[in-house]
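Chains as they are written, first to last, in the UniProt record's numbering: chain A, 1 to 538; chain B, 1 to 538.
2 protein chains.
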Amino acid sequence: MAGDKTYIDISRAKCEQRDRLIRNEWKISKKLALGNNVLEVPKTCGILTDREITITEDNDAVDIVDKIRQQEYTAEEVTVAFCKRAAVAQQLTNCLTEIFFEEAIERARQLDQERAADPSAPWKPLHGLPISLKDSFKIPGFDSTIGMTYFANKPATEYSALPKLLLDLGAVLYCKTNVPQTMMTADSDNNVFGRTLNPSNLKLTAGGSSGGEGALVAMRGSVLGIGTDIAGSIRIPSICNGIYGARPSSGIVPFDGQQSPEDPGMVGIEVVAGPMATSSRACSFFMKTIMSAQAWRYDSSCLHLRWQGQQPSRKPRIGLVLDDGVYTPFPPVRRAIREAAQKLRDAGVDIVELRLPHVADAVGITYGMFALDGCQFVQDLMKEGKEPQVESVKRVNLAAIPKSSMQGYMDLTAGRRKLQAVYHNFWLDNQLDAIMLPGAPQTATRFDEWGPINYTMLWNFLDYPATIIPTGRVRESDVADGEDSALYGEQDLRNYKLYDSPETYKDAPLSVQIVGMRQEDEALAGVVGLVDSILNQS
Amino acid sequence: MAGDKTYIDISRAKCEQRDRLIRNEWKISKKLALGNNVLEVPKTCGILTDREITITEDNDAVDIVDKIRQQEYTAEEVTVAFCKRAAVAQQLTNCLTEIFFEEAIERARQLDQERAADPSAPWKPLHGLPISLKDSFKIPGFDSTIGMTYFANKPATEYSALPKLLLDLGAVLYCKTNVPQTMMTADSDNNVFGRTLNPSNLKLTAGGSSGGEGALVAMRGSVLGIGTDIAGSIRIPSICNGIYGARPSSGIVPFDGQQSPEDPGMVGIEVVAGPMATSSRACSFFMKTIMSAQAWRYDSSCLHLRWQGQQPSRKPRIGLVLDDGVYTPFPPVRRAIREAAQKLRDAGVDIVELRLPHVADAVGITYGMFALDGCQFVQDLMKEGKEPQVESVKRVNLAAIPKSSMQGYMDLTAGRRKLQAVYHNFWLDNQLDAIMLPGAPQTATRFDEWGPINYTMLWNFLDYPATIIPTGRVRESDVADGEDSALYGEQDLRNYKLYDSPETYKDAPLSVQIVGMRQEDEALAGVVGLVDSILNQS
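So, in structure tokens, the structure goes:
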């Protein structure tokens with residue numbers, strides 16, 4: 001409830017409060033000349049020491065954990081370095097919501113002291129690793145507004161399940177990151193904190209709903225962040241920002257106790273938490289750590305799946321999907337997937353080109369399942385918060401979405417089960433280890449133009465794990481071609497025409513999506529590691 | 001659709017067809033004098049040879065598999081022995097629906113021949129083991145009537161997932177077993193095949209819905225049968241017949257492709273398949289075999305949980321629950337649970353007495369979830385089948401059950417999630433390895449009197465695995481005590497008064513139920529093995 005204050009008052013107070021939590025000496029000079037691509041600013045702005053630049057740029061999450069163990073770094077200096085870099089990222093991209101740098105530095109100091117006091121104690125798996133979190137995770141004493149006035153100034157009293165587990169595993173939590181109003185669109189813009197910008201090109205969207213996380217990790221203000229994904233909300237910002245992001249199978253990573261825009265009894269498509277990182281091995285490390293930690297103790301809905309320590313296949317069989325038969329990828333996206341396939345073939349990977357069955361049916365059922373309550377719950381929240389809809393939410397047209405009946409939901413469920421069986425057999429019949437396809441037909445778009453989400457959402461519908469691997473950026477040679485290239489009708493053409501020139505999309509990251517079989521997240525991690533090494537280290 | 005024939009015509013034809021599939025020399029003399037307890041008749045009726053009596057009586061499923069491997073038995077002679085004994089059981093208890101003895105014997109002969117032709121081939125895990133199946137599993141060429149005229153004379157064209165897997169693992173399938181009309185009650189009576197009787201006491205119910213399986217296994221016409229359980233349908237007939245029966249966590253044993261009385265999009269409480277057997281180790285062996293066989297390849301909805309080969313705890317901590325706070329157990333059931341607890345204490349097991357939280361709430365939500373479509377689907381099937389309701393179905397009063405709205409279902413789901421979390425923490429806070437409680441407040445009752453199912457259904461609601469261990473039988477000393485013993489009100493008293501004397505319940509089996517944590521089926525198997533060894537081998 002907004003009380004007497006308007007949403008504008010609330011927003012102003014929240015943003016000022018947030019800004020005060022950044023030390024003055026970490027503030028960027030207003031005189032600094034910025035281009036559209038701000039990825040190098042942390043290195044050049046003079047706020048980080050050389051050592052802090054090294055800590056934040058030359059290490060992924062696995063390196064950080066290793067080097068703290070080897071006493072090359074202290075937890076405290078690592079935390080300070082990432083807090084500073086996150087502060088810089090915030091000032092450039094507006095990626096943060098809640099800041100708890102000082103508490104994090106204090107915790108890191110304590111971890112160092114505990115270590116010094118008992119050097120023979122076993123290392124906790126995440127000892128000293130700073131991890132950033134999407135705003136929906138609750139930390140006592142801090143808001144989880146999820147971009148909605150309604151939730152402002154209602155600090156949490158308990159931890160969500162995952163941050164509690166991460167702390168028990170030795171991690172350091174230092175900030176939360178921005179999301180779209182409602183978390184139901186792919187543009188991280190809201191009336192509380194405003195819009196997160198894309199550090200590769202400030203004129204493009206950072207994606208969403210884990211958009212703040214995407215921008216922060218791209219800036220290396222974090223080497224491991226946690227997003228959530230029900231239709232692509234980890235993968236879309238990973239695509240937009242050129243980072244690694246994995247949507248795990250549901251029920252593996254504790255999800256319980258988050259702020260939600262949905263009815264607590266919501267059913268249908270499973271929403272999951274997962275890693276966003278600067279390397280594929282950091283994503284795998286996160287999954288391995290969670291799956292080795294009896295994570296289900298923290299969340300009664302978690303499955304009791306364990307990391308097995310399987311030997312990954314050296315010659316996987318990968319199904320190559322060039323498009324979904326509904327939306328034509330932008331020219332640079334087509335280039336990215338073709339180049340990736342060629343590199344894999346050259347490296348001896350077994351590639352088989354496939355068409356995905358029944359995509360439109362799957363997408364139809366998925367949208368039906370998102371709207372079981374006619375999105376009434378979230379509309380009520382906005383009404384109570386007395387705030388207008390942001391542009392990307394307006395475009396969804398929530399008020400026009402019909403409710404489902406009980407029989408309607410059972411019909412959707414029957415349809416989903418049928419298609420899950422079709423894909424299961426498709427996978428087994430083709431003897432696949434993975435599928436490679438674009439993560440979206442588009443790159444990061446201009447604000448509020450992010451369109452089709454079939455390419456990510458299909459795997460939520462099927463509950464298959466899927467990881468984004470960045471592979472490059474839009475080049476000048478990625479010219480916009482004729483409308484004839486859009487193969488699948490009017491809707492396709494509308495999206496395709498958004499790609500008007502490589503200049504508009506300058507520096508927009510490119511990527512591929514690698515999909516595994518349901519609950520074979522460990523096997524997928526093996527394939528992703530191999531594919532990443534071929535695409536990015538050769 | 002019943003066509004021109006009445007349900008009585010259909011039933012007569014089905015039963016005659018079934019009887020013709022029993023060889024004449026396997027038919028029991030009509031002159032044989034029978035008491036109410038027919039458990040010994042297979043040994044005394046003169047149909048089985050001494051060797052066949054030994055094969056069927058002195059071995060559990062694990063022994064059978066071992067002895068075929070050691071060439072002590074052939075698959076063929078084992079199959080013949082169990083077919084004969086199942087034929088005898090059928091004539092005494094009416095436990096079978098579809099019979100395929102001749103096909104089974106032919107398959108067993110082929111398995112023997114394949115073995116002889118290639119003695120160095122690796123053994124399939126279930127090579128030569130006869131397994132009986134609840135009627136709901138589909139076998140090409142045979143009906144799955146599930147006790148409903150509507151489904152009669154519509155032979156299956158494909159295997160259900162589990163029988164397909166079992167055949168691939170080397171098992172021999174030889175018969176299917178009787179169920180209640182609709183499979184929604186605990187009395188295995190229907191208009192197609194009639195009522196299954198309890199071989200311990202022909203005047204008592206065999207339970208349900210896997211009642212035919214319960215009677216068959218009690219007669220040792222099968223040492224391993226497969227039932228299904230959504231509220232107790234494996235455990236109730238296990239209790240009634242004095243056999244072992246395990247309700248696994250959902251998603252482990254393939255369930256797909258069965259005949260169902262429910263909408264294909266039905267949601268809510270998960271129905272599962274699981275073992276019913278003559279020993280606890282046969283149940284564990286079944287679970288280990290399934291969880292080591294990538295069973296998910298056969299059913300896209302299966303979880304990818306693997307058997308770990310854990311070392312079971314030698315000194316487990318077991319929560320003792322004497323009653324559920326809603327229904328008072330019959331005097332012999334109280335004796336059984338107290339005696340079991342004392343034996344475990346004497347053996348050094350750590351027993352902690354507990355009260356279960358929120359049982360009535362959990363039961364209320366469960367009943368709500370069973371009736372999401374107002375049980376309309378099954379009523380339509382009966383209408384199309386032009387058959388009347390049997391007595392136990394009448395008592396359910398299907399027509400009076402209201403439908404749920406979508407919001408109603410989400411509210412039930414929210415309530416379920418909350419209680420699942422409460423029990424999760426209850427389990428962890430008490431550091432439990434298992435809970436021991438009665439499987440029901442009653443023993444096998446007179447026909448159509450089976451009452452409260454809280455004691456089994458609670459674990460379906462929570463999706464916890466639960467196993468019935470038989471511990472003895474009603475004794476003359478189990479006198480009916482005063483009404484004051486019924487502690488929980490009128491409804492409780494009504495059920496409690498059914499226990500009028502030990503004579504009525506003569507030879508009724510007693511048992512305990514051991515419950516594990518969700519998806520810790522392997523750990524539960526360890527505890528069950530230990531508890532069983534203390535209760536039954538000392």
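All residues carry an ideal CB built from backbone N, CA and C; glycine is no exception. Values in this document were obtained by computation on a predicted structure and should not be read as measured data.
Residue range of the unbroken beta strand (DSSP E) whose run includes residue i
| i | result |
| --- | --- |
| Q389(A) | Taken as a continuous stretch (DSSP letters only), Q389(A) belongs to no beta strand (DSSP E), as it is neither H nor E. |
| E353(B) | 350 to 353 |
| residue 579(B) | One cannot answer for residue 579(B) here, as it falls past the ends of chain B, which runs 1 to 538. |
| G211(B) | That residue, G211(B), is in no beta strand (DSSP E); its alpha helix (DSSP H) goes 211 to 218. |
| R247(A) | 244 to 247 |
Sub-9 Å separation of residue i and residue j beta-carbons
| i | j | result |
| --- | --- | --- |
| V396(A) | M184(A) | yes |
| D324(B) | L356(B) | yes |
| I534(A) | K343(A) | yes |
| V359(A) | N454(A) | yes |
| S238(A) | M287(A) | no |
| T443(A) | P332(A) | yes |
| P155(B) | F142(B) | yes |
| P248(A) | D299(A) | no |
| K14(B) | N201(B) | no |
Residues sharing a beta bridge with residue i, DSSP
| i | result |
| --- | --- |
| C175(A) | I99(A) |
| T328(A) | Answer is none; T328(A) lacks a bridge partner. |
| K84(A) | Paired residue(s): none; K84(A) is not in a bridge. |
| G225(A) | S132(A), M276(A) |
| residue 541(A) | Lying before the first or after the last residue shown, residue 541(A) is absent from chain A, which here runs from 1 to 538. |
| M436(A) | L320(A), I514(A) |
| T205(A) | L197(A) |
| R446(A) | L204(A) |
| A156(B) | P140(B) |
Cβ distance (whole Å) where residue i is taken to contact residue j below 8 Å
| i | j | result |
| --- | --- | --- |
| Q519(A) | P438(A) | Contact flag wrong, Cβ pair sits at about 24 Å. |
| R317(A) | D346(A) | Incorrect: roughly 16 Å between the Cβ atoms, too far for contact. |
| G214(A) | C175(A) | Not a contact, Cβ separation roughly 14 Å. |
| M410(B) | D263(A) | 5 Å |
| E522(B) | Q310(B) | 6 Å |
| A340(B) | M219(B) | Between M219(B) and A340(B) the Cβ distance is about 25 Å, and since that is not below 8 Å, they are no contact. |
Opening and closing residue of the alpha helix (DSSP H) in which residue i lies
| i | result |
| --- | --- |
| Y505(A) | Premise fails: Y505(A) is in no alpha helix (DSSP H) and is neither H nor E. |
| L462(B) | 454 to 462 |
| G364(B) | 359 to 370 |
| R297(A) | Segment: none, R297(A) is in no alpha helix (DSSP H) and carries neither H nor E. |
| I269(A) | Taken as a continuous stretch (DSSP letters only), I269(A) belongs to no alpha helix (DSSP H), as it is neither H nor E. |
| K164(A) | 161 to 168 |
| T56(A) | 50 to 57 |
| Y7(A) | 7 to 20 |
| Q491(B) | 490 to 496 |
| H424(A) | 406 to 429 |
| K67(A) | 61 to 69 |
| I236(B) | 235 to 241 |
Chain-ordered neighbours of residue i on chain E, where CB pairs are closer than 9 Å
| i | result |
| --- | --- |
| S404(B) | Given the protein chain composition of this structure (A and B), no chain E is represented. |
Outcome for residue i when other beta-carbon atoms lying within 10 angstroms are tallied against a minimum of 16
| i | result |
| --- | --- |
| V272(A) | buried |
| K164(A) | buried |
| P441(B) | buried |
| R195(A) | buried |
| A400(A) | exposed |
| V352(B) | exposed |
| K84(A) | buried |
| V321(A) | buried |
| D135(A) | buried |
| T228(A) | buried |
| R107(A) | buried |
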